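Here is the structure we will look at.
Number of protein chains: 4
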Amino acid sequence: MKLKVLVWNEYIVEKENPEAAEIYPEGIHIVIAEALEKAGFEVTTATLSDPEQGFSKEILDKTDVIVMWSHIANEKLEDRIAERVYEKIVRDGVGFIVLHSAKNSKIFRKLVGTSCKVKWREAGEKERIWVVAPWHPIAEGIGDYFELEHTEMYGEPFDIPPPDELVFISWFKGGEVFRSGCCFYRGRGKIFYFKPGHETYPIYYDKNVQKVLVNAAMWAAPVKRPKSIYGKVEPLESL
Amino acid sequence: MKLKVLVWNEYIVEKENPEAAEIYPEGIHIVIAEALEKAGFEVTTATLSDPEQGFSKEILDKTDVIVMWSHIANEKLEDRIAERVYEKIVRDGVGFIVLHSAKNSKIFRKLVGTSCKVKWREAGEKERIWVVAPWHPIAEGIGDYFELEHTEMYGEPFDIPPPDELVFISWFKGGEVFRSGCCFYRGRGKIFYFKPGHETYPIYYDKNVQKVLVNAAMWAAPVKRPKSIYGKVEPLESL
Amino acid sequence: MKLKVLVWNEYIVEKENPEAAEIYPEGIHIVIAEALEKAGFEVTTATLSDPEQGFSKEILDKTDVIVMWSHIANEKLEDRIAERVYEKIVRDGVGFIVLHSAKNSKIFRKLVGTSCKVKWREAGEKERIWVVAPWHPIAEGIGDYFELEHTEMYGEPFDIPPPDELVFISWFKGGEVFRSGCCFYRGRGKIFYFKPGHETYPIYYDKNVQKVLVNAAMWAAPVKRPKSIYGKVEPLESL
Amino acid sequence: MKLKVLVWNEYIVEKENPEAAEIYPEGIHIVIAEALEKAGFEVTTATLSDPEQGFSKEILDKTDVIVMWSHIANEKLEDRIAERVYEKIVRDGVGFIVLHSAKNSKIFRKLVGTSCKVKWREAGEKERIWVVAPWHPIAEGIGDYFELEHTEMYGEPFDIPPPDELVFISWFKGGEVFRSGCCFYRGRGKIFYFKPGHETYPIYYDKNVQKVLVNAAMWAAPVKRPKSIYGKVEPLESL
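Chain order of the listed sequences is A, B, C and D.
Here the first sequence is numbered in our numbering, starting from 1 and rising by one per residue.
Here the second sequence is numbered in our numbering, starting from 1001 and rising by one per residue.
Here the third sequence is numbered in our numbering, starting from 2001 and rising by one per residue.
Here the fourth sequence is numbered in our numbering, starting from 3001 and rising by one per residue.
Listed below in structure tokens is the structure:
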């Protein structure tokens, strides 16, 4: 059965910023969705202006993995919606792929428990993304490194917990490094943060970036297990 | 210079439950404070009924490590107070030792990002606490295991992220296991969750439990470093 | 394409010990191989008395994942053979599933760098295997725990490095706990240690044990990536 | 009581290479030893040409933490000596600080179980060492980063297991990154790998490098605990 992926985008900057509009005329989510469809997934898209801000119960119930891009509207996602998505991840094991500035989303910050602050700079400098987990399924098909010619810089310290798995470290021409591919496990959910992706560079058309997103979606697929039992229990053995 | 430890207790059940009152006539915090003082720390105590719920700015500014016990009043800690303590941990690196049912405190749940639910049973059964990190400073002076003759059971699944370090695993006579000593790193803060401690058993008089608390306080001491710079930065190298 | 799994067994005790012979008349490897074949894998078996001790280059070159059972002959595997298997794991990413007393094999000890010693007892006591990584693909289909009515006990301390992922913790009736499902990453290889499996109990007929082995084989599949470049390199950027 | 630190150096290149001799006329070990003595430790030095290659039982029995520098003579350390040092680390918890090319030493490779290969280049380029574990005692006193103006480059992939704690990531002007400060736990021993240190640059005179070495020595101090019991044991509870 096909993996069901929901690509969610706040979809604002592509309508307001001509530079972004030129690169992503239909929105970042459409470019990502096409790449994932080509990989054989069943892909749906949603945006902030949709009913229930794009995260209705109906949509979430048909979702195995969420890919999220957000930036200037991170605070506009309603608390009750953020909570709903959070619960799908930790309780039902829906996978969560967090792109670029979506590190500041309410959902990701609640999952990791830290501020997710970084150093940053929009100078269109070169980023080189190095693989440091040669065994990791998210690195499949990727060589020792790949390059993005022009990117926004994100630099350390990146205020996250120690990642449960560190897959990529980015080098920036201007002198910074960044943990740019990080896995976290929370409840039943698998979460992958992936740094590349400013809206004024054609990052999501890059073949290596697309390969990583495909790999990450498969990695993040929910694991089917019976519900856990919490609360007061009888002893399993005689006391 | 002496390590400054704040022992905070909600201090309710020892006044309401005769069984707890008999074991801890002055409160759990006093027993813990005495053990830490004997180890040479500068110890202060505070409770929920104190001004600012015991977590005033003045007190926090003079604190290196917080030891917290709470249970039935976890939801009574005001959000603004919980937020203040949280910030001291992640921003200033104040250590945080979380005892028993304080896993359900607002502060700990925000730090780890999960529900912290467990299986549990109050049957006074035997708990055996095994060391699985033989190199860990928190295990100093502890043999392969130590025992608590009568305890409340906490059992897996324990809904926490994978601990950054797992120090102890508990065995319970009734058939359960529990990750009973867990380290987490969040921001600048070092956090240690330690399971032992129901109020109706004399857990905090136990010499091994006291040894672990002393070890944990030293381990959790803040690390002095310059403030980090976040936000927009100039390149360190020419682009 | 089908995953190619090699089930390797020293295959001695089932021929020498009548108790083991009755449970595993054709050897432990045959029972495991049948379970993996049912899951749709392409399964081969090999034993210590085969040419090249069952680990010929030809066999290894057609293998994605190795499942290994060994015990009394751990020292009989020639160093050059152990080295060959080790290299396939770390260089080519062949998966390695290490069962029970194969923790003492030369290959596993070289991979982890520690003695792998344990406490043990053959008393046929009950083992209860708890899931502590609810998100883990190796736990798919497994509830909060499963039981083995009669097993050999392995107890902590288990002299291994902190596992990169801890999936299972075992409870034993006699009072011990054990990290019984542990993942390690070494080079390109994914390694899973799984404790269940003494030869005088019908452990490998157990449906939950078989499910774990199937899950682990899929998890351990090699990741296809270009060869890494090591050694002297030119700068990628002008100095 | 003072921490007893043994600074061990193969001490060859400083005698053979005039460039190294000028920077380290008495050997790298003497410069490191002086920095550690200033911090209040009781420091001893030893070299490969000493009796028992500098690792006699007498010396090891009076050592809490070993600091090791080696390069061209990594293969000259006798197996029995490497084994002896290895055993002190994993059995008695002697700390082990591994500098630069000592990653290729027999001792370190046995501890981690991988090849420890890297990319490298001797071009005297700039290295910037970023802190990614803001809570870590080894980073005490260090800002967001520090710089070494001229260094040998070591680049990813670095063939090590995922570090149990990752403290530093290095940026190199030529385009590479490197996990340059890595903690590993093996048996009772705490191990810290620290990349800086080619012999033709005055790396070990750098105040930040010295601060890290002092911090690491304290962090690596042995933890005193009773000997563990391995092997056949009686049940603690009735079966």
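The beta carbon of each residue, even a glycine, is placed where N, CA and C say it ideally should be.
Source: prediction; values computed, not measured.
Query, Result
"Residue nearest to A:D64 in terms of C-alpha spacing, selected from A:F96, A:L36, A:Y86, A:A139", "A:F96"
"Three-state class that DSSP yields for C:Y2145 in the structure shown", "strand"
"Short CB-CB distance (under 9 Å) between B:Y1145 and chain C", "yes"
"B:P1051 burial status per 10 Å Cβ neighbour count (16 or more: buried)", "exposed"
"First and last residue of the uninterrupted alpha helix (DSSP H) at D:I3203", "It is not in any alpha helix (DSSP H) - D:I3203 carries neither H nor E in the DSSP assignment."
"Same chain only: Cβ atoms within 7 Å of D:P3320, ignoring 5 sequence neighbours per side", "Outside the modelled stretch of chain D, which goes from 3001 to 3239, sits residue 3320 of chain D, for which no answer is possible."
"Continuous beta strand (DSSP E) assignments of at least 3 residues falling wholly in the region 1025 to 1074 of chain B", "1042 to 1047, 1065 to 1069"
"Same chain, Cβ closer than 8 Å to B:A1035, neighbours up to 5 away in sequence not counted", "Y1204, Q1210, L1213, V1214"
"Cβ of B:V1013 within 9 Å of any chain D Cβ", "no"
"Residue from A:I72, A:K195, A:V167, A:I89 with nearest C-alpha to A:M153", "A:K195"
"Length of the line joining the Cα atoms of D:A3033 and D:D3206", "14 Å"
"DSSP state of D:R3225 mapped onto helix, strand, coil", "coil"
"Inter-residue spacing [alpha-carbon to alpha-carbon] between C:K1979 and A:R121", "Given that chain C is displayed from residue 2001 to residue 2239, the structure contains no residue 1979 of chain C and the question cannot be resolved."
"Amino acids of chain A, ordered along the chain, whose beta-carbon sits closer than 7 Å to that of D:R3091", "None at all; the shortest Cβ gap to chain A is about 28 Å."
"Local conformation of C:F2184 per DSSP, three classes", "strand"
"Assigned exposure category for C:I2229 - 16 Cβ within 10 Å defines buried", "exposed"
"Alpha-carbon to alpha-carbon, C:E2147 and C:E2255", "Since the displayed chain C opens at 2001 and closes at 2239, residue 2255 of chain C lies outside it and no answer follows."
"Between the CA atoms of D:V3098 and A:M68 - distance to the nearest angstrom", "41 Å"
"With 16 other Cβ atoms within 10 Å as the buried cut-off, status of B:R1080", "exposed"
"C:I2089 - DSSP class collapsed to helix/strand/coil", "helix"
"Distance CB(A:G174)-CB(B:L1077) smaller than 9 Å", "no"
"Proximity to D:I3089 [Cα-Cα], best of D:K3224, D:K3190, D:K3057", "D:K3190"
"C-alpha gap between B:S1105 and D:K3062, whole angstroms", "46 Å"
"Closest by C-alpha distance to D:K3117, when choosing among A:V132, A:E87, A:W8, A:P25", "A:V132"
"Inter-residue Cα distance where the pair is B:S1070 and B:S1115", "16 Å"
"Candidates D:E3010, D:E3176, D:E3037: closest to D:A3123 by CA position", "D:E3176"
"CB contact below 9 Å: D:P3137 versus chain C", "no"
"is_contact[B:R1241, chain C] using C-beta, thresh 9 Å", "Here chain B has residues from 1001 to 1239 only, and residue 1241 of chain B is not among them."
"Residue environment, B:E1199, which counts as buried when at least 16 other CB atoms sit within 10 Å", "buried"
"Distance CB(A:Y11)-CB(A:L60) smaller than 9 Å", "no"
"For B:W1135: DSSP bridge partner residues", "In the DSSP output, where bridge partners are listed per residue, B:W1135 has none listed."
"Burial state of C:G2040, where buried means 16 or more other Cβ atoms lie within 10 Å", "exposed"
"Residues bridged to B:I1191 (per DSSP)", "B:F1096, B:F1184"
"Minimum Cβ-Cβ distance from D:S3228 to chain B less than 9 Å", "yes"
"Beta-carbon gap between B:R1188 and D:P3134 smaller than 9 Å", "yes"
"Alpha-carbon spacing of A:E42 relative to A:V5, whole angstroms", "6 Å"
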